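Take a look at the structure below.
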Amino acid sequence: MAHILICDDDAAVLKMMAMVLSKAGHKVSTCATGGETLKKLGVQPEDTSSELPELIILDIMMPKSDGYTVGTILRNNIRTRRIPILVVSALREMSRLFTATVQVDGFLTKPFAPEDLVGNVAKILEKRKAQG
């Protein structure tokens, strides 16, 4: 299956998503902050040897570097701009803004059922595979 990086500052949500996606057969990495995500991806500071995931799941509301900022940085970086991003947030009204400005590939509103997470991930990965 796919390597997925999850970034969420809520430890319980992060653990639940990692468990659900691992059980679905994915390799999962996690980060609790936007800064940690950018570092792990080799964006800030730049590190071209870092392993890149096939999908990033990104929370919006996080301290310091929020999901909007992190998503924008990822879309403007040559190494990460093509990695699909699934945004998860309790802020349903943010979906249009993210889809239009950050160009995310999906938006999942919290709370969500585990099968909705797995289904959204599968849909995004399938679309990416079809695009080559």
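Mapping the sequence shown onto our numbering, position 65 (from 1) lands on 1344, and the numbers just tick up by one. By construction, the Cβ of each residue, glycine as well, lies at the ideal position given by its N, Cα and C atoms. Source: prediction; values computed, not measured.
Open item on the list: aspartate 1338 and valine 1383 - do their beta-carbons sit closer together than 8 Å?
Closed with: On the sequence shown, position 104 is the one that residue 1383 refers to. On the sequence shown, position 59 is the one that residue 1338 refers to. For valine 1383 and aspartate 1338, no; Cβs fall outside 8 Å.
- [ ] Give the DSSP bridge partners of glycine 1385, in chain order.
- [x] Locating residue 1385 in the sequence shown gives position 106, where the first residue counts as 1. Its beta-bridge partners are Leu1365.
Open item on the list: By DSSP's criteria, lysine 1306 is part of a beta bridge. Which residues make up the other side?
Closed with: To locate residue 1306, count along the sequence shown from 1; it is residue 27. According to DSSP, which records beta bridges pairwise, lysine 1306 is partnered with His1282.
Task: Close beta carbons around serine 1344, own chain, < 6 Å, minus the five adjacent residues each side - done: The residue labelled residue 1344 in the question sits at position 65 within the sequence shown. Gly1313 and Gly1314, listed in sequence order.
Task: Spatial distance of alanine 1369 from serine 1329 (CA atoms) - done: Taking the sequence shown and counting its residues from 1, the one referred to as residue 1369 is at position 90. Taking the sequence shown and counting its residues from 1, the one referred to as residue 1329 is at position 50. Cα-Cα distance, rounded: 30 Å.
Open item on the list: For the stretch 1295-1307 against the stretch 1317-1328, do three or more pairs of beta-carbon atoms, one drawn from each stretch, fall closer than 8 Å, so that the two count as touching?
Closed with: At 8 Å Cβ cutoff, the stretches do not touch.
Task: Coil, strand or helix - leucine 1337 by DSSP - done: Along the sequence shown, read from residue 1 onward, the residue named residue 1337 stands at position 58. Leucine 1337: strand per DSSP, three-state reduction.
Open item on the list: Between Ala1291, Pro1393, Val1400 and Leu1365, which has its C-alpha nearest glycine 1346's C-alpha?
Closed with: Numbered from its first residue, the sequence shown carries residue 1346 at position 67. When C-alpha distances from glycine 1346 are compared across Ala1291, Pro1393, Val1400 and Leu1365, the shortest belongs to Leu1365.
- [ ] Count the other C-beta atoms from every protein chain shown that fall within 10 angstroms of the C-beta of aspartate 1287, then say buried if there are 16 or more, exposed otherwise.
- [x] Indexing the sequence shown from 1 puts residue 1287 at position 8. Counting Cβ neighbours within 10 Å, aspartate 1287 comes out buried, since at least 16 surround it.
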